[in-house]
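Trainee: Take the sequence shown: its position 98, counted from the start at 1, is 102 in our numbering, and no numbers get skipped. For each residue, glycine too, the CB sits at the ideal point set by N, CA and C.
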Amino acid sequence: MFIIIAILAFCIIIIIHEMGHFFAAKACGMKVSEFSLGMGPKILKKQGKETLYTVKLLPIGGSVQLGEDEESDDPRSFRNKPVWQRMIVLAAGPIMNLILGVIVCAIAIIISGRVISSEIGVFAGDTPVSSQYLQVGDEILEINGHSVWSSMDISYALRNSAMKAASDDEYMTYSFKVKRDGEVVAIDNVKFALSRDENGESDVIWDFKVNAYRINFGNVFVYSFKEAATYGRLVWVSLIDLLKGTYGLNDLSGPVGTVTVISQTASASKDMRVNITSLMSMIALITINLGIFNLLPIPALDGSRILFLVIELIRRKPMKPEHEGMVHFIGFAALMLLMLVVTFNDIVKLVTGG
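1) Could you check the C-alpha separation between T234 and P79 for me, to the nearest Å?
2) Which of the three DSSP states, helix, strand or coil, is assigned to Y160?
3) Taking buried to mean at least 16 other C-beta atoms within 10 Å of its own C-beta, is M167 buried or exposed?
4) So is L294 buried or exposed if we call it buried at 16+ other beta carbons inside 10 Å?
5) If we ignore side chains and look at the alpha-carbon of each, how far apart do G66 and V140 end up?
6) In three-state DSSP terms, what is Q139?
7) By alpha-carbon positions, which one of A10, G52, M91 and A31 ends up nearest to G307?
8) Check whether the Cβ atoms of G117 and I219 lie closer than 8 Å to each other.
9) Between which two residues does the beta strand (DSSP E) carrying I103 extend?
10) Judging by CA-CA distance, which residue of M34, L41 and E22 is the nearest neighbour of I11?
11) Do P325 and E75 have their CB atoms nearer than 8 Å?
12) Please check the pair K195 and V133, which I expect to be a contact at CB under 8 Å, by giving their CB distance rounded to whole angstroms.
13) Taking CB distances under 8 Å as the criterion, tell me whether G33 reaches chain B.
14) Helix, strand or coil for K230, going by three-state DSSP, please let me know.
15) According to DSSP, simplified to helix, strand and coil, what is N148?
16) Ignore the nearest five residues each way along the sequence and tell me which others in P322's own chain have a CB closer than 6 Å to its CB.
17) Given this structure, state the Cα-to-Cα distance separating L61 from I290, to the nearest angstrom.
18) Give me the Cβ distance between T55 and S37, rounded to the nearest whole Å; I'm assuming they're in contact under 8 Å.
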């Protein structure tokens, strides 16, 4: 049941992305020869008035065929349209993913029935160490230079630093900026106690709870954007950490890993409302991740094609389609190879429980 929900969620994210390209292309008067979900052999197809709609065997992507790398005398072809229209069409897919992320964040908040602030409501536990420095009512603005837009930022900032603690450290020290009685106050050397799991990995003891408020139109609107922005920044920071070597190939996940995580998230709690809220949050993170990743200037992705259009604007003439097509083909082949490796790792982890 949950696996089916996860696959459907993944497919919806892909469809929304491709619909962005499709409707933008139609709005710009471009000819769309095919709209497909998945890759590989066709298992379902239906010919529309102009566009062939297909579902393919492997649910790991999708495409809208516009003839981007082909010369044509057809005035409706992609390459014969103005550069600004082509940019809109290419950017529309990722932008739809980002918009979907905001909408799903709003749905998650509505289902939960509350918005969670960054304002300290109460200290928890017998010996809350941080209460020596922080106060009830403090609105947390920044932790160790990391701006706090949502409660998730608090968790990320505290735990990300705690993971770097030495094996014999009992406390972790942080620098906070809070809004207290209407004024911004900087507080250094705020201590939190540490805990360790059976593997010796450190985690911070979050010894306070933040306030939660009943939802209304205004706070749902504001907090859905804040949550989406937090997810987007988390994706960006993770990409930077990946380039720095903080994460390795084994830390990446493909479609199999993504579906597994969605499925596990949807069944983690006995409370159905909590499961649905967690599922919505996970979907929001994945669609925002897809939107940001597709805007990167990596060959075969939308960001790379947009970069070629920027070069065309500067040169005042387009690149030769065969040259641009070769760059994207090589990039696509590299991405498919990476996808195979990552998917193999996902399957190994699923079988071994790793």
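Mentor: Let me lay it out:
1) Here residue 234 refers to the residue found at position 230 when the sequence shown is read from its first residue. Here residue 79 refers to the residue found at position 75 when the sequence shown is read from its first residue. Each residue's alpha carbon lies about 42 Å from the other.
2) In the sequence shown, counting from the first residue as 1, residue 160 sits at position 156. Helix, per DSSP.
3) Residue numbering aside, residue 167 sits at position 163 when the sequence shown is read from its first letter. M167 comes out exposed.
4) Residue numbering aside, residue 294 sits at position 290 when the sequence shown is read from its first letter. Label assigned to L294: buried.
5) Reading the sequence shown from its first residue, position 62 is the one you call residue 66. Reading the sequence shown from its first residue, position 136 is the one you call residue 140. Going by the C-alpha atoms only, they are around 50 Å apart.
6) In the sequence shown, counting from the first residue as 1, residue 139 sits at position 135. Note: Q139 maps to coil in three-state DSSP.
7) For the purposes of this step, residue 307 is identified with residue 303 of the sequence shown, where counting begins at 1. That would be M91, whose Cα lies nearest to the Cα of G307.
8) The residue you call residue 117 lines up with position 113 of the sequence shown. The residue you call residue 219 lines up with position 215 of the sequence shown. Going by C-beta atoms, G117 is nearer than 8 Å to I219.
9) Sequence index remark: in the sequence shown, residue 103 carries index 99 (1-based). From DSSP, I103 is part of no beta strand (DSSP E) but of the alpha helix (DSSP H) over V87 to S116.
10) Locating residue 11 in the sequence shown gives position 7, counting from the first residue. It is L41.
11) Within the sequence shown, numbered from 1, the residue matching residue 325 stands at position 321. Within the sequence shown, numbered from 1, the residue matching residue 75 stands at position 71. Cβ distance < 8 Å, so P325 and E75 count as in contact.
12) Here the question's residue 195 lines up with position 191 in the sequence shown. Here the question's residue 133 lines up with position 129 in the sequence shown. 5 Å between Cβ atoms; contact.
13) Among the protein chains of the structure shown there is no chain B, as only one such chain exists.
14) Working through the sequence shown from its first residue, we reach residue 230 at position 226. Three-state DSSP puts K230 in a helix.
15) Position 144 of the sequence shown, counted from the start, is the residue given in the question as residue 148. Note: N148 maps to coil in three-state DSSP.
16) Indexing the sequence shown from 1 puts residue 322 at position 318. These residues qualify, in order along the chain: E316.
17) Taking the sequence shown and counting its residues from 1, the one referred to as residue 61 is at position 57. Taking the sequence shown and counting its residues from 1, the one referred to as residue 290 is at position 286. About 22 Å.
18) The residue labelled residue 55 in the question sits at position 51 within the sequence shown. The residue labelled residue 37 in the question sits at position 33 within the sequence shown. Right, their Cβ atoms sit about 7 Å apart.
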